[in-house]
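Structure first, then comments.
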Amino acid sequence: MYRTFLSWRYLRARLTNLIGIVGITVAVGALILILSIMTGFLEETKRTVRGNLADLIVTPIQDTRSVTGEPVPKDARIAQRILVEDARVAAASPRLVWYGLIAQGGDRAGHSRDVLTDSEAGRMMGVQLVGVDVRSHERLGGPALAGMLALLGVPFVPERVHDDFDTTDLYAGLARPPHPRRLGAPVENPLDPFAPPPVRRGGSGPRRAAVIVGEQLFSSLRLRRGDELELATVVPDPLTGKVAISNRKFVVAGSFRSGENEMDLERIYLDRRELGDFLGGTMSFSEILVKTRDYDAHGRRLAVDMERKLAEAGAIWWNGIEDDLGRRGQVRTWEDFRRTLLGAIENERVLMAIMLSLILLVAGFTIFAILTMMVAEKRRDIGILTALGAPPRGILATFLLIGFWDALLGASMGALLGVQGALHIDSIEQWLSGVLGVQIFNRDVYFFDRIPAVVEPVPVAMIVGGAFAITLACAAVPAWRAARLDPLVALRYE
Amino acid sequence: MEMRTQEPTPARAAGQPVLVAKGVEKHFLLAGNKLPVLRGVDLELAPAESVALLGSSGAGKSTLLHVLGLLERPSAGTVRIAGREAWGLSIQERARLRNQAIGFVFQFYHLLSELTALENVLLPAMIAHGRFAYLKRRAELRERATESLTRFGLAERLSHRPPQLSGGERQRVALARALFNDPPLLIADEPTGNLDSTTGAAVLELIFEEQRRRGLTLLLVTHDTTVAARCARTVHMHDGRVV
């Protein structure tokens, strides 16, 4: 009985114990808060990053140095058909990715010149050209036609029925509202994005193919819908093998917002057939984006299966290179693409946890110091207790219990503070930003417009457990010394 | 129920000796040299006997007291308390024997300053009982402690802490604490050494009164021959021996 009673009484009698408790509270609270934010950050990043990527990406190697010497099919349809046959695949859409330069854009694009001035040449910007399929006309006309053919007893399967445009990242980028502080201009109908925009400057001139420009690029070039944009690129000549320069004028149909900085700054979408034509008809697709029905359940397995199947069908060929898992690197999951980014965040989270554990260690040292002081101060009490019949084990328990109360109070207050802080971090940040007059979380820098925080019970339990372990370990040393104290040294002198 | 503690236990009055020390030796090591303090002490304390231990300073009184009080292990010799060979017991059992069989009164009171007078008195019972056993008997134990402090004239001082008490009051609290577990042996180390003569006399009166009432065996260390004269027997110590 005296152990609990005395430890509690000693705890209350000395205000220095409060310092130890506050130390543990701060350490536990900070650990939980930071880990929750890092976990939220990781999950939110995963979600954003994944939203802009297909589940699987089939990238056939398109050069002529094949093992078998057979040419790779230039048509995506063979691979596409094999992909959509699998029940696990929800949609598969080919796209063509190429790189180009914006030769002229915005207001200056109207009057073409043969010679660029130095300053204009300096403003040429590299862009990623992405040719995609839009099925909108089939989607609109398909059901009526299918119904009619079904009446005649003919099964009708539209050629590109499986590419489900409204599941693609472009559709998401078109449907996302423009950034409030940028000058984006959404297209008229996201389901038919390459429909020609209203032509400006009198409407004369040849009909040009439409492009959709990333929002940041769109605003930095001060583009408007209907503006002309001249693109230049380099393509290999299929006959001679030499490179040739190709340039063409397009009309800007609008802007998209992916939420990912690089994409919004560098990417231009256009119809896959238009891009193929711009490149001189040498290429029709460079990759096929695959949406799965349940990526978490069978995404990785599917990637392996598909690679084998596609190789058997000759839709992709193999250059003889395999990784450890026997994969040939031509069917990749979205995680393969973002491994470094996700790995970096995960790594950061672990490092942060280790760093913050040091705070816990410091709090533990405080407990150690306070208890050491207390044992020195209570030497006489220890002697008296021994004389009254308390065994060394009881003395040890008494001082260890002080550490236990410190841990109990500190860890529970810290857990409460950390969890509440994580749940209300956004309002706390806004309040703090208001008070300090500084923007703490710059929402323009990140993908998200609120601070993400996810409180997971297991890490919280581990942090609380760790706090207990460290505190008790730090309390054990002075408690052990108290138990070994010679009672006579304590009693002999006043 | 409260009468139980005030009646001397019959077995105690007529049984075997409460304490038997045989050939107790104690030496300390000082810079590698053996420094003998006790050179073979034999002592036997009968039940309800009061014994004064006299001797000049450095004669080994305190060391003998610590050995007999189970606070210091002797270099040689045996100590039997309540029929048990005390230094042959485990640490736990010896602590329990100290708790049950020996009451200490020190010159400097040695109360815990964090605790009230009442809590100080209850401390031996807290040590004797586990948490649940104590909580079960809490009301009864508190009543007993209150009763004994009241009898010592401290009814108004129950919730005072030691620093708020006078020397005489503190020593009375210490006496109440020493007797709370109803031990057969009371060891008092110059209990009046730090008190003025009037207060000291009152405290001494209380000690002898309790000794008679409870049939205690009292071992009293003192310088004062008038105090020693009040004891049934006087033991003189000189140079580590009983003479």
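Line order of the protein sequences matches chains A and E. Just so you know, the first sequence maps onto residues 1 to 494 in the working numbering. Just so you know, the second sequence maps onto residues 1001 to 1243 in the working numbering. Idealized CB from N, CA, C, for every residue including glycine. Computed from a prediction, not measured in an experiment: that's the story for all the values here.
Which residues DSSP lists as bridging residue i, in chain order
i, result
"Ile268/A", "Leu129/A, Val213/A"
"Lys1026/E", "Leu1038/E"
"Ile245/A", "Val234/A"
"Arg208/A", "BP columns for Arg208/A are empty, so no partner."
"Asp1189/E", "Val1221/E"
"Thr292/A", "Val89/A"
"Ser1113/E", "Note: Ser1113/E sits in no beta bridge, so no partner."
"Gly1055/E", "Met1237/E"
Selection from the options that minimises the alpha carbon distance to residue i
i, options, result
"Gly466/A", "Ile425/A, Val375/A, Ala353/A, Asp381/A", "Ala353/A"
"Gly1015/E", "Ala1021/E, Gly1040/E, His1027/E, Ala1048/E", "Ala1048/E"
"Ile402/A", "Ser7/A, Ser36/A, Ala92/A", "Ser7/A"
"Met373/A", "Gln128/A, Ala479/A, Arg450/A, Arg225/A", "Ala479/A"
"Phe1208/E", "Asn1194/E, Asp1196/E, His1223/E, Leu1185/E", "Leu1185/E"
"Arg338/A", "Thr48/A, Ile21/A, Val435/A", "Thr48/A"
"Arg380/A", "Val489/A, Glu456/A, Glu429/A", "Val489/A"
"Val458/A", "Val477/A, Phe5/A, Ser36/A", "Ser36/A"
"Val1041/E", "Leu1065/E, Gly1103/E, Gly1023/E, Arg1144/E", "Gly1023/E"
"Leu1165/E", "Pro1183/E, Ala1125/E, Asn1120/E", "Asn1120/E"
"Asp192/A", "Leu170/A, Leu53/A, Arg182/A", "Leu170/A"
"Val127/A", "Leu400/A, Ala175/A, Thr233/A, Thr45/A", "Thr233/A"
"Gly299/A", "Leu15/A, Arg50/A, Thr4/A", "Arg50/A"
"Ala313/A", "Leu436/A, Asn17/A, Pro60/A, Leu416/A", "Pro60/A"
"Asp500/A", "Gly437/A, Ala103/A, Met124/A, Ala92/A", "With chain A running from 1 to 494 in the structure shown, residue 500/A is simply not present."
"Ala172/A", "Ser258/A, Pro392/A, Val435/A", "Ser258/A"
"Thr1078/E", "Ile1187/E, Glu1044/E, Leu1141/E, Phe1108/E", "Glu1044/E"
"Arg208/A", "Val331/A, Ala476/A, Leu275/A, Asn442/A", "Leu275/A"
"Val464/A", "Ala476/A, Ala407/A, Ala422/A", "Ala407/A"
"Ala1046/E", "Ser1056/E, Ser1057/E, Gly1083/E, Ser1075/E", "Gly1083/E"
"Gly40/A", "Phe365/A, Val477/A, Ala13/A, Val454/A", "Val454/A"
Beta-carbon proximity check, residue i vs residue j, cutoff 8 Å
i, j, result
"Arg1073/E", "Trp1087/E", "yes"
"Gly1060/E", "Leu1038/E", "yes"
"Glu1169/E", "Tyr10/A", "no"
"Leu491/A", "Phe1106/E", "yes"
"Arg1080/E", "Leu1019/E", "yes"
"Gly418/A", "Ile32/A", "yes"
"Gly100/A", "Leu231/A", "yes"
"Val1244/E", "Leu1220/E", "Residue numbering for chain E in the displayed model covers 1001 to 1243; residue 1244/E lies beyond these limits and cannot be assessed."
"Thr471/A", "Ile367/A", "yes"
"Leu396/A", "Ala482/A", "yes"
"Pro186/A", "Pro180/A", "no"
"Thr333/A", "Leu56/A", "yes"
"Leu1123/E", "Leu388/A", "yes"
"Leu129/A", "Glu346/A", "no"
"Arg1177/E", "Phe1152/E", "no"
"Leu1100/E", "Ala1128/E", "It should be noted that the sequence gives Gln, not Leu, for residue 1100/E. Yes; because the gap between Cβ atoms is below 8 Å, this pair is in contact."
"Pro1162/E", "Ile1102/E", "no"
"Met1237/E", "Leu1053/E", "yes"
"Ser433/A", "Ile425/A", "no"
"Val251/A", "Glu228/A", "yes"
"Pro94/A", "Phe285/A", "yes"
"Ser246/A", "Val235/A", "yes"
"Met38/A", "Glu348/A", "yes"
Residue-chain proximity (residue i, chain C), Cβ-Cβ < 8 Å
i, result
"Leu1186/E", "Checking the listed chains, one finds no chain C in this structure; the protein chains it contains are A and E."
Is it true that the region 282-297 of chain A meets the region 81-94 of chain A, where meeting means three or more beta-carbon pairs spaced less than 8 Å apart? Contact between the region 282-297 of chain A and the region 81-94 of chain A is present: three or more C-beta pairs spanning the two stretches fall below 8 Å.
Is the region 77-85 of chain A touching the region 354-361 of chain A, taking contact as three or more C-beta pairs under 8 Å? No contact exists between the region 77-85 of chain A and the region 354-361 of chain A.
Members of the region 370-391 of chain A that neighbour chain E once the beta carbon cut-off is set at 8 Å: Residues of the region 370-391 of chain A with a Cβ closer than 8 Å to any Cβ of chain E, in chain order: Arg380, Asp381, Gly383, Ile384, Leu385, Thr386, Ala387, Leu388, Gly389, Ala390, Pro391.
Tell me whether the region 254-267 of chain A and the region 16-27 of chain A touch, counting them as touching only if at least three CB pairs, one residue from each stretch, are closer than 8 Å. Between the region 254-267 of chain A and the region 16-27 of chain A there are fewer than three inter-stretch CB-CB distances shorter than 8 Å, so the stretches are not counted as touching.
Within 8 Å of chain A by C-beta, residues of the region 1053-1081 of chain E in sequence order: When CB distances to chain A are screened at a threshold of 8 Å, the residues of the region 1053-1081 of chain E falling below it are Ser1062, His1066, Gly1069, Leu1071, Glu1072, in chain order.
Determine, using beta-carbon pairs with one atom in the region 266-278 of chain A and one in the region 210-223 of chain A, whether at least three such pairs fall under 8 Å. Three or more Cβ pairs drawn from the region 266-278 of chain A and the region 210-223 of chain A lie within less than 8 Å of each other, which places the two stretches in contact.
Output, in sequence order along the chain, the residues in the region 470-487 of chain A whose CB is closer than 8 Å to any CB in chain E. Across the region 470-487 of chain A, CB contacts with chain E closer than 8 Å involve Pro487, in sequence order along the chain.
What are the residues of the region 2-21 of chain A that lie near chain E, defined by any Cβ-Cβ distance shorter than 7 Å? Taking 7 Å as the cut-off between beta carbons, the residues of the region 2-21 of chain A near chain E are Tyr2, Thr4, Phe5, Arg9, Tyr10, Ala13, in sequence order.
For the region 391-422 of chain A, which residues have a CB atom closer than 9 Å to at least one CB atom of chain E, in sequence order? For the region 391-422 of chain A, the set of positions with a beta-carbon nearer than 9 Å to some beta-carbon of chain E reads Pro391, Pro392, Arg393, Gly394 in chain order.
Residues within the region 25-47 of chain A neighbouring chain E, beta-carbon criterion of under 7 Å: Here the close residues number zero.
Positions along the region 1012-1039 of chain E whose CB lies within less than 9 Å of some CB in chain A: Hits within the stretch: zero.
Between the region 1053-1072 of chain E and the region 1191-1198 of chain E, are three or more C-beta pairs nearer than 8 Å? A contact between stretches requires three or more CB pairs, one per stretch, nearer than 8 Å, and the region 1053-1072 of chain E fails this requirement with the region 1191-1198 of chain E.
Return the residues of the region 331-345 of chain A that lie within a Cβ-Cβ distance of less than 7 Å from chain E, sorted by chain order. Going along the region 331-345 of chain A in chain order, one finds no residue with a Cβ nearer than 7 Å to chain E.
In chain order, what residues of the region 1189-1213 of chain E put their CB closer than 8 Å to some CB of chain A? Taking 8 Å as the upper bound on Cβ-Cβ separation, chain A lies near no residue of the region 1189-1213 of chain E.
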